[in-house]
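Trainee:
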Amino acid sequence: MGRYVARRVLQFIPVILGTLFLLHLLSTLTIQIVGDPVRALFGENAPPASVIAQMQADYNLDDPCLQQTGNPCLGLFVDRLGQYAQFDFGVNFRGRPITELFVERFPVTVRLTVIALVFEAVVGILLGILAGLRKDRFADNLVRFSTVLLIAFPVFVFGTLAQLLLGLQVGLRIRESSWAPDWLGQMLNVGYNADYPWLSLTLPGLVLGAFSLAAIARLTRTSLIENLRSDYVRTARAKGLTTRRVVGVHTLRNSLIPVVTYIGIDIGLLLGGALVTEGIFNIPGVGQLVFLAIRANDTPVIVGVVTLLTIVFLVANLLVDIFYAALDPRIRYE
Amino acid sequence: MSDASPPPAAADAETPAPNADQNRSLWGDVRYQLVRSPLFWISSVMVLVILTMAFVPQLWASTPPTARGACDLLNAREKPSAEHWFGYTASGCDMWASVVYGTGKSVIVAILVTIGTVLLGVTLGTLAGYFGGFTDTVISRITDDFFGLPFILGALVFLAIFPDRNIWTITLVLTLFGWTSLTRVMRGSVIATKQADYVDAARAVGAGHFFIIRRHIISNSIAPVVVLATIGLGSFIGAEATLTYLGVGYQRPTVSWGLLVAEGQNLALAGFWHLLVIPASFIVVTVLSFILLGDALRDALDPRHR
Amino acid sequence: MSVSRPLRAFAVTASLALGLSACGGSDTTSSGEVDPTGAPGGSYTAVVNEPSYLAPSQNCYESECSKILDLVNDPLVSTDFETGELVFDGLAESIEPDDAQTVWTVTLKEGRQFHNGEPVDTDAFLRAWHYSQDPKNAQATAGFMARIEGAGEGSEMSGLEKVDDRTFTVTLDGPFSQFGQQMSYQPAFAPIAEACMDDLKACNESPIGTGPYQMSGEWRHDEGITLEKWADYAGEQMANADTIEFEMFTTPTAAYRDFQNGGVDVLSVSPEVYLEAKGELGPRLQEAPTASLTYLGFPTGTKPYDNEKLRQAISMSIDRSLIIDRVQNGLGVPSTDIVTPPIPGSRDDACEFCAYDPERAKELLEESGVDPESFTLELYFNSGSGHEGWTEAAARQIQSNLGIDYKLKSTEWAQYLELLDAQEFTGPFRLGWSLDYPSPENYLRPIVGTNGDSNYTGYSNPEFDELLVQADRADDLEESFALYQQAGDIALQELPIIPMWSGEVAVASSDEVGDVRYDVGEGEIAFGEITVNQ
């Protein structure tokens, strides 16, 4: 196990360099093809050319290679790596350091992601087990159909509907009533409330986790059904073990392997999905930061934040891999 | 929990006894399974209907909404009526015609992307999981590299490179940024499968890698991939809507389901519910059909089912 | 994307014209929105997006920072929207041009101070204007200084001269009768306190202004800004509420949801939720015209758009009213001029070819000699900003009325601007214009004038330019308006751009507040006038 961890950490270095390079390539190509972000700041009415030139110099966007489409700008990449090594991820177009913006907002996104993950994992797995054990019966069909609804609606539609129906129609009544406890109203809020850093993220967390919940429920169901047919389960049953023990000890752990893999992948997907959810629910997290930056064409923020997120994500991935090895003893990573 | 009937027994009941069909091939088994499943029939008919809408929309609606004079702004947002069961879109086109002609752009892309990601994911995931070692390291780390990239940034750049957005460019982008999850899941699944006794047994009798992968590994590990792929089919229809929202998806006046949903959302809240409900229902029914078909196929493909 | 640049000019309807003081009572507004419960004091919540910069205000060239700075700073001077005349309700006592409209003398009022007690004197202005024009400082509004002699060449410009502590002269590089109106764009011409200049970074977090409100605490980035009444204010701008909480939201829809939830009290409702709000709010939602213009430009050097008759035919084949009604949900006023209705000197019958007349359009197309089957009309717009719907509707109308097939082309904003700057469009393109100062000149010269800052059509007509120059030199406003209108007639005949509509805004207010009014001059809700029901 120790050797595995060490090897995995070592491999981490080329991965992160590779990803950073791909990111650099994408952002460089964006500037080369889509156009100068500084110019876009000003809209229809161009300011004097000297003003633009000065700003381009301030943001390191005046390198001539940025004019040559297809040029990977390796020099800029090396400069960038040097800055990253000193934890300098640049400043936004308003002069604020991106690390500062990120650190301010990351905890909010982490809370949101944790709520979504816990929700999707707990409810998803439970629904999956329920459906798997009662294959082709009512409960199974209900789970299968309702998860399809979650999958089929684009998240922006689903989020808006949840915000309007649960957050406003139901939630506002609860918040204004005299009988309901405070926490209940906050759990169904239309937006983020800094006084309730966890509770007010409940509804957006559920929205964020909804798609993955469907995926996890279906994965668990399928996996469970497969494993219930396998030889070792028959053996266990033949030995006279109870269903509870068969499912709980022998089947579930094996069935959860693809589910754990998916949850690991999902951490990354959730961070991406947070972009839309945080936009709808006005949550001051990293997703909102990127959302606003895309709208404002603030390229330094997009690149800086995405880089930081990527690093976080790759670390999370590493941890999941290690956890994975611990979970399934059959997997020999020698 | 104790009353949970043992599914293996139920499954066995509807399958012929093992060893009774020695001379039927894998695909023969699959066929035998499928023709006996009502779910398979219902979902295949639905999928067939959707596919004909996608490829020959003329069968279902005579005038495409892009035809000259097909839409009149005066009719915009009109609610369903006896003549026009589905009402009109926000741009004054017949909703039914718009949905039918939008099927192609949404569903064909989703299918192509699903095929693309499954092919890539299964191939790479199997190679990485089965051979392990150096192969695994290289494939897994490349997967990590791509996985970290944000879909939106990538999509913006790629679609800016191809100013003419059509089914192929959108498929390319979605595939390029979508294959990684399936690869990872497949790899995990293959790693678990290759420890099984029958694989050791096959190896012991001198079966080649290619034979083992083909005969045992893929069919035994593909279940989670099939689940995720069918789910992915639904999410790719939504992803197309997101691209359009960002301005790098289809260009109007092309119609697609994603476009219709995005356009209908705000107006729905102002009381024009049909603008959202109708295209969304088509997405739901489509996703449901493909998922049910996927379930039926998976059941048939599962060797333990026999 | 809010790239609209509002102007700082004061409407005649506001307090000053009626001779009221800043602390005036509830009888202050003349907009017909008088609320008997309205009295000074209290606190309410409004909406702002993250501003670009708050200090130096010269770096503010968008709607959100000017929303805050209009309350934190007094204007130098304002423009009356009915007559176009200057109104001295700000820091200047008088602004006088010489006969040649070239040397302008600015005299400041006595005894005005910054929030920190520094005097508002000539040095404060010179400090600010010299700083702003210096290209090294890359200030967003540097362009406003461009007419001043020696601007953009170094750290100081030669056109600014101190006479005494309250008087200075501005020498322009040529005659320009609208310079007074131009100076009513408040952020560009505001003074800077010495303490602010010494530490611009700190000042940006908590600007030192001259206006009726000051910031309470620091700028909470991406969260909000709190303004409180400045006790020692000696100026003439209104400040009714004691505190204004500006909150920031990711999307306009999120802001409206917070309003529904009882948080926000006043906001401009975005087009996406306008219909929904209209159904819910009734009289608590009011519509008001804005001075922004939406138009389609033609690449006038590209075939077949070099054909004047074709441009006229296209313009007449678009049913502006129907598009406004069905696509824009009724927000907007069909154009009758390039200059929008709220601007002095605008006309409601100037544009012959803006009327919807498919028959006439077909005739014009025939006269043009262009074969409608011979080309595909490529219509450009920037994506993701809500222009998809109406550009498509317009293209459809052109197609069904003229038989010209179309293709819609959208690009991201940055790419769109590059195409604009390079004038690489191969068909009509959508653009909007928000003015800097309320003068017809501010529409005609930048959009249609030869090499105008926002002239992306390649259009150039010496006769038109000459009329503008004559108008710039005119002795009084009446004469200059007549000349600007003559120039406008040329543009509306040759149609390098076709005006589509001028904007309308919908303001929602909760029952906690009264005296809510949209100030077309500010291009913003008149926040200072709002009273809180107690």
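Protein chains in written order, with this note's numbering: chain A, -18 to 315; chain B, 2 to 307; chain C, 1407 to 1940. Each residue gets a CB set at the ideal place from its N, CA and C atoms; glycine is no exception.
Grouping DSSP H, G and I as helix and E and B as strand, with all else coil, what is Q49/A?
Mentor: In this structure, Q49/A counts as coil in the three-state DSSP scheme.
Trainee: Along the chain, where does the alpha helix (DSSP H) that runs through T1782/C open and close?
Mentor: No alpha helix (DSSP H) contains T1782/C, which DSSP labels as neither H nor E.
Trainee: Taking only beta-carbon atoms, is K1607/C less than 9 Å away from chain B?
Mentor: no
Trainee: Taking G1560/C as the reference, which of K1568/C, A1544/C, T1575/C has the closest Cα?
Mentor: Selected option, being the one with the closest Cα: A1544/C.
Trainee: For the stretch 131 to 143 of chain B, enumerate the residues whose C-beta is nearer than 9 Å to any C-beta of chain A, in chain order.
Mentor: G133, T138, S141, R142, I143
Trainee: Per DSSP, what kind of secondary structure is F1520/C in: helix, strand or coil?
Mentor: coil
Trainee: Starting from the C-beta of R1533/C, find all residues in its chain whose C-beta is less than 8 Å away, skip the five residues before and the five after it, and write them out in chain order.
Mentor: P1597, I1598, E1600, M1603
Trainee: List the whole-angstrom C-beta distance separating I244/A from A102/A, where the pair is believed to meet the contact cut-off of C-beta under 8 Å.
Mentor: About 6 Å separates the two Cβ atoms, so the contact holds.
Trainee: Alpha carbon to alpha carbon, how far is T67/B from V1922/C?
Mentor: 45 Å
Trainee: Is any beta-carbon of chain A found at less than 9 Å from that of F1385/C?
Mentor: With chain C covering 1407 to 1940 only, the question about residue 1385/C has no answer from this structure.
Trainee: Around the Cβ of P28/A, are there at least 16 other Cβ atoms within 10 angstroms (buried) or fewer (exposed)?
Mentor: buried
Trainee: Short check: CB of L1825/C to CB of F1831/C, under 9 Å?
Mentor: yes
Trainee: Please confirm whether N170/A and L184/A have their CB atoms less than 9 Å apart.
Mentor: Against a cut-off of 9 Å, the Cβ pair of L184/A and N170/A comes out as a contact.
Trainee: Spatial neighbours of L293/B within its chain, please: CB distance less than 6 Å, with the 5 preceding and 5 following residues excluded, ordered by chain position.
Mentor: L40, S44
Trainee: Quick check on M1621/C: does DSSP put it in helix, strand or coil?
Mentor: strand
Trainee: Per DSSP, what kind of secondary structure is V285/B in: helix, strand or coil?
Mentor: helix
Trainee: For G140/A, I'd like the list of residues in its chain whose CB is within less than 8 Å of its CB, leaving aside the five on either flank, ordered along the chain.
Mentor: Correct list, in chain order: P185, V188, V257, T258, I261, F262.
Trainee: Taking L234/B as the reference, give the member of V206/B, S222/B, V285/B with the closest Cα.
Mentor: V285/B
Trainee: Closer than 7 Å, Cβ to Cβ, to anything on chain A: give me those residues from the stretch 1798 to 1825 of chain C, in chain order.
Mentor: The stretch 1798 to 1825 of chain C vs chain A, Cβ under 7 Å: E1818, W1819, A1820, Q1821, L1823, E1824.
Trainee: Under the rule that 16 or more other beta-carbon atoms within 10 Å means buried, what is P88/A, buried or exposed?
Mentor: exposed
Trainee: Beta-carbon of T287/B versus every beta-carbon of chain C: anything under 9 Å?
Mentor: no
Trainee: Q1692/C lies in the beta strand (DSSP E); which residues open and close that run?
Mentor: 1691 to 1703
Trainee: Against A301/B, what residues of chain A qualify as contacts under a CB-to-CB distance less than 8 Å, listed in chain order?
Mentor: Simply none; closest approach about 13 Å.
Trainee: Any C-beta of chain B sitting closer than 9 Å to the C-beta of P239/A?
Mentor: yes
Trainee: Let me see if you follow: with CB-CB separation under 9 Å, is L273/A close to chain C or not?
Mentor: yes
Trainee: Going along chain A, which residues have a C-beta under 7 Å from P225/B?
Mentor: Simply L200, T203, S204, P239.
Trainee: Name the chain C residues whose beta carbon is nearer than 9 Å to that of G272/B?
Mentor: L1681, E1682, G1685
Trainee: Pull the bridge partners of K1684/C from the DSSP assignment, please.
Mentor: Answer is none; K1684/C lacks a bridge partner.
Trainee: Near T128/A, what residues of its chain come up, given a Cβ to Cβ distance below 7 Å and the 5 sequence neighbours on each side ignored?
Mentor: A195, A198, R199
Trainee: At the level of alpha carbons, what is the spacing between T1616/C and V1938/C?
Mentor: For T1616/C and V1938/C, the distance between alpha carbons rounds to 24 Å.
Trainee: Assuming K106/B and V256/B form a contact by the criterion Cβ under 8 Å, report the distance between their Cβ atoms to the nearest whole angstrom.
Mentor: Contact between K106/B and V256/B holds, with the beta-carbon distance rounding to 7 Å and staying under 8 Å.
Trainee: Locate the alpha helix (DSSP H) running through V119/B, then write down its first and last residues.
Mentor: 110 to 132
Trainee: For the stretch 270 to 287 of chain A against the stretch 58 to 75 of chain A, are there 3 or more C-beta pairs whose distance is under 8 Å?
Mentor: Segments in contact, yes.
Trainee: Could you pull the start and end residues of the alpha helix (DSSP H) that V191/B belongs to?
Mentor: 180 to 194
Trainee: Which bits of chain C does A91/B rub up against, with CB to CB less than 9 Å?
Mentor: R1732, V1733, G1795
Trainee: Here's the rule: buried if 16 or more other CB atoms are within 10 angstroms of the residue's CB, otherwise exposed. What is W1819/C?
Mentor: buried
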